[in-house]
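**Q** Got a structure here, written out as C-alpha cells. Questions coming.
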Amino acid sequence: MPIEYTNLEKIRLEKLERLRAQGIDPYPTRAQRTHTSSEAAQIFEKAESEGADTNISVILAGRIRSIRTMGKITFAHIEDGDGKIQLFFRANDIGEEALAFFNKEFDLGDFIQANGELFRTKTGELTLRVSAYRLLAKAITPLPADKEEEVDGKIVRHTSLSDPEMRYRQRYADLAINPQVRQIFRTRAAVVRALREFLDRNGFLEVETPILQPIYGGAAARPFTTYHNQLKQNLFLRISFELYLKRLLVGNIERVYEIGRDFRNEGVDRTHNPEFTQLEFYMAYADYEKVMTFTEDMVVYTADQVLGKRTITYQNHELNLQPPWRRLELHQGILDVTGIDINACPTAESLAAAMQAKGIQVEPQATRGKLIDGLLGDYLCPTLIQPTFVYNYPRDISPLAKSKPENPSIVERFEGYIAGMEMCNAFTELNDPQDQEARFLEMGRDYDADDEERHPMDEDYLRAMRYGMPPNGGFGMGIDRLTMLFTNCPNIREVILFPHLREQDAEA
RNA sequence: GGGUGCGUAGCUCAAUGGUAGAGCAGUGGCCUUUUAAGCCAUUGGUUCAGGGUUCGAGCCCCUGCGCACUCACCA
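Residue numbering for the first sequence follows the numbering used here, starting at 56 and increasing by one per position.
Now the structure itself:
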C-alpha cells in the first residue's frame, strides 16, 4: 500500500526535492560535532568566570525545536542529547542568501550541524552565532507542535503530544518532544545499574538462563507457547527464572542472579504488562529473614545511587525506604483488616464460612490458600503504603518454599509491599527433593488435566535437587514496578518503552 | 471477558439535530539580539469504520475497531 502523505508532509517532500535539485544530500553520511549543548555551556561559562576570551568556536549538532525569524535575523533552538541551545543566524554573518535558504528549506524536527562562536544575547541567553550550517537529516513528518515558556523558573507547556495511545504507539515521537519521558528511562537504567552493582559487590554471579523452555514453572501463571519447527518441539516462554537459577545452586554457584524478561499470558492493567523485567537472586545458606534485610539494603542502595535520598514521593504518598521496614505476619495482617483469624480456619470450608459471615464474597471452589491470597490482595494490600514485609504464607500457594520447622502448614515466605503494590516475593527455598515432589503432586491435584494453569512436573529439576541443593534464600522483584516508584509513574506502561498494545486493525 | 467514558485539522481542543471552528504548526508578506516573539493575510477535514433514524447527523440508535479508567482474572 502506498504511503499517504499529509499536506504538511507533501510540503516538506517538496523542500526535500528542491534540496536534491541543488545537489544537497538531505541525508549526508558524515556529521561533525565538537561539543554537546551542555559541554558548550560549560566551556563558555568557565571562560566567562575566568575573564578569558569567550569567542569560542564550536560545531554543534541537533534537532531543530523552534524557529523565530525576524527579517534579517533568525533565532532557532536545537536540542541534542544533553539539552537545548540557541542558534543565531544573521544576514551580516552568513549572507542574505544563506539566511533565506535556512528560513525556506529548514523545518522543526530537522537535524542540523552549525559552526560558529558562542556569545550571550541581550537577554543573557547562551547562543551560537552561526557562521556556517549544514543539513544532517530532513524530517518529513512534523513532530507534534510543542511550545514551552519559562515562568518564574517553571517550564509551562502550551501544547504537546499527550494522547497516551499515540505516545505509546509512536514512542519515538513521545521521546523526541517530552524530555521528562527520556528522564524516566534514564532513571530506569540507573535503577538496573544500581541493582547489578549491589549484587556484584556482594559476590553474586550474573547469568542468563533459557527464555524458551520445554517445561515452564517457578510461578503460577499461564505461559505463552511457541514451536520449534526443525525440532518439532513445543516450547514455552518462561514465566520465571526460578527453577533454572536453583539448578545452578546445585552446581555449586552459591550466589546467582538474573535480570531479564518474563512473559505471562494474563490480564493487562496498570501494574501488569505481558512481558516484564524481573530480578531474581538465590543466596546459599540464607533464609528468608536474611533475604529480608538484604532486600532492604539493596533497595536503599538503589535509592541512594539513583535518587540520592531515601524518601520517595509517589502519587499522594510520602514513602520512607529507611530500614528496617515494617514486618507483618500474614495471619496478623488479615486479622487486623478483616477481623478474620485464618489460623482458626484450617480448611477452605471453615475459612469460606468465616468470610461469608463478614459479608465477603467467596469463590465456590477456591482452595484455602486462594481464599487467603484473595483476602491479602483485596483487603491487606491496599493498606500497605509504607514498605512492609508480609511474611509466613500458607503452604498450598507456595509450592517452592520451605515449611516452618515448627508448623508444616506455613512456609517461610514473604512479599514486600510499597504503595499498595506487590514489589517482591521471596522465600526460604525448598531443597528437600522428596518434599518438592510431594508439593508438585499436591499442586497437580488442584487442577484438571486440561487446565491451562496446571503445571507439568519438572522431573529434571527434581533430579538436580536429589544431587543436593544447599539451603538457600531466593528472591524475585519486578523492575518495572520499582521503576514506577522511583519515577512516580502510576502506570507500568510509562516505564516500558514499547508497552504492549492491541494490534490496530490492518486493513479489515 | 463485564461496566463507564472517549475517538473532530499534523498536535491540543471547541461546536442546542440546522453553513464543522480556535490556538499552535504550515504557507505568503513586514520585521537585524528574539523568548509561547509580534503584526497582516492564508491553506488545511472520509468528524475512527460500517449501517440505521431524520427533510437534515460530529451530535440520536445499532455493530465493529482502538484507547483510558474500573471490575473480574492473575499461588
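For each residue, glycine too, the CB sits at the ideal point set by N, CA and C. Predicted model only: the values in this text are computed from it and were never measured.
Entirely within the stretch 259-311 and at least 3 residues each: give me those beta strand (DSSP E) ranges in chain order.
**A** Whole beta strand (DSSP E) segments, 3+ residues: 280-283, 288-292.
**Q** Within the same chain, show all residues whose beta-carbon is closer than 7 Å to that of G164, passing over the 5 residues directly before and after it, in chain order.
**A** Within the same chain, G164 has close Cβ partners R118, I119, A194, P197, L198.
**Q** Please go through the same chain and pick out, in chain order, the residues whose beta-carbon is closer than 6 Å to the beta-carbon of T124, but skip the five residues on each side of it.
**A** Same-chain partners within the cutoff: N158.
**Q** Going residue by residue through the stretch 339-405, where are the continuous alpha helix (DSSP H) segments of at least 4 residues, counting only ones entirely within it?
**A** Whole alpha helix (DSSP H) segments, 4+ residues: 343-361, 385-393.
**Q** Which same chain residues end up closer than 8 Å to L540 when comparing Cβ atoms and leaving out the 5 residues on each side of it in sequence?
**A** Once the five neighbours on either side are set aside, the close Cβ partners of L540 are I367, Y369, L374, I473, A474, M476, M478.
**Q** DSSP has L115 in a bridge; who is on the other side?
**A** Answer is A169, bridged to L115.
**Q** Hey, could you find the ends of the beta strand (DSSP E) V466 is sitting in?
**A** Segment 462-473, the beta strand (DSSP E) holding V466.
**Q** Write down the C-beta distance between L431 and I389 rounded to the nearest angstrom, noting that I regard them as a contact closer than 8 Å.
**A** Right, the Cβ-Cβ distance comes to about 7 Å (below 8 Å), so this counts as a contact.
**Q** What is the residue span of the beta strand (DSSP E) that R453 lies within?
**A** Correcting the residue type first, residue 453 is Ser in the shown sequence and not Arg. Per DSSP, S453 belongs to no beta strand (DSSP E) and is neither H nor E.
**Q** Judging by CA-CA distance, which residue of R518, A341, F156 is the nearest neighbour of K70?
**A** Checked all of R518, A341, F156; the closest Cα to K70 is F156.
**Q** DSSP has M532 in a bridge; who is on the other side?
**A** DSSP output for M532 lists L334, C479 as bridge partner(s).
**Q** Evaluate K101 with the Cβ neighbour count: other Cβ atoms within 10 Å of its Cβ, from every protein chain shown; 16 or more gives buried, anything less gives exposed.
**A** With fewer than 16 other Cβ atoms within 10 Å, it is exposed.
**Q** Kindly list the residues whose CB is nearer than 7 Å to the CB of G208, restricted to its own chain and excluding five residues on each side of it in sequence; keep chain order.
**A** Interpretation of G208 is limited by its pLDDT of 46, a score under 50 that renders its predicted location unreliable; no figure is taken from the coordinates.
**Q** Can you look up D207 in the DSSP assignment and give me helix, strand or coil?
**A** Residue confidence for D207 is low, a pLDDT of 46 falling below 50, so the modelled location carries little weight; the figure read from the coordinates is stated next. In the structure shown, D207 sits in coil (DSSP, three-state: anything other than H, G, I, E or B).
**Q** Do M524 and L304 have their CB atoms nearer than 8 Å?
**A** A contact, by the Cβ cut-off of 8 Å.
**Q** Indicate the three-state DSSP secondary structure (helix, strand or coil) for N527 in the structure shown.
**A** The answer is strand: DSSP assigns N527 an E or B state.
**Q** Could you check if A493 is buried or exposed, using at least 16 other CB atoms within 10 Å of its CB as the buried criterion?
**A** It is exposed - the Cβ of A493 has fewer than 16 other Cβ atoms within 10 Å.
**Q** R237 to T402, Cα distance in whole Å?
**A** Rounded to the nearest angstrom, the two C-alpha atoms are 51 Å apart.
**Q** Within 10 Å of its beta-carbon, does H283 have 16 or more other beta-carbons around it, so buried, or fewer, so exposed?
**A** Under this definition H283 is an exposed residue.
**Q** Sorted by chain position, which residues of the same chain lie with C-beta nearer than 6 Å to E558's C-beta, five sequence neighbours on each side aside?
**A** Hits under 6 Å: none found.
**Q** From the DSSP output, read off the bridge partner residues of T129.
**A** Bridge partners of T129: T124, F144.
**Q** Work out the CA separation of I534 and Y227 for me, nearest whole Å.
**A** So the alpha carbons of these two residues sit roughly 22 Å apart.
**Q** Work out the CA separation of S121 and I210 for me, nearest whole Å.
**A** In this predicted model, I210 has a pLDDT of only 48, less than 50, meaning its place in the structure is not dependable enough to derive any value.
**Q** Taking the C-alpha atoms as reference points, what is the distance between C544 and A187?
**A** C544 and A187: Cα-Cα distance of roughly 43 Å.
**Q** Mind reading off the beta-carbon distance from F259 to Y299? Whole number of angstroms is fine, and I expect it under 8 Å.
**A** In fact, because the Cβ distance is near 15 Å, the residues do not count as touching under 8 Å.
**Q** If you reduce the DSSP assignment to three classes, tell me which class P449 lands in.
**A** Reduced to three states, the DSSP call for P449 is strand.
**Q** Considering only the alpha carbon of each residue, which of Y434, R302, I547 lies closest to A519?
**A** When only C-alpha atoms are compared, the closest one is R302.
**Q** For my contact list, V466 and K457 are in at a C-beta cut-off of 8 Å; report their separation, rounded to the angstrom.
**A** About 6 Å separates the two Cβ atoms, so the contact holds.
**Q** Go through its chain and collect everything with a Cβ distance to R88's Cβ below 6 Å, but skip five positions before and after it.
**A** Excluding positions up to five away in sequence, the list reads I114, A116.
**Q** Tell me the residue span of the beta strand (DSSP E) that contains S186.
**A** That run of the beta strand (DSSP E) goes 181-192.
**Q** Could you give the DSSP three-state label for F444: helix, strand or coil?
**A** In the structure shown, F444 sits in a strand (DSSP, three-state: E or B).
**Q** What does a CB cutoff of less than 8 Å around D352 pick up in its chain, not counting 5 residues either side in sequence?
**A** Counting only Cβ-Cβ distances below 8 Å, and skipping sequence neighbours, we find F253, P378.
**Q** What does the alpha-carbon distance come out to for the pair R548 and S215?
**A** Whole-angstrom Cα-Cα distance: 19 Å.
**Q** In terms of residues, what are the limits of the alpha helix (DSSP H) holding V417?
**A** Where V417 is concerned, there is no enclosing alpha helix (DSSP H), given that its DSSP letter is neither H nor E.
**Q** Note down, in chain order, each residue of its chain lying with its Cβ closer than 7 Å to the Cβ of R256, except the 5 sequence neighbours on either side.
**A** Around R256: no qualifying Cβ.
**Q** Is G432 helix, strand or coil when you go by DSSP?
**A** It is helical.
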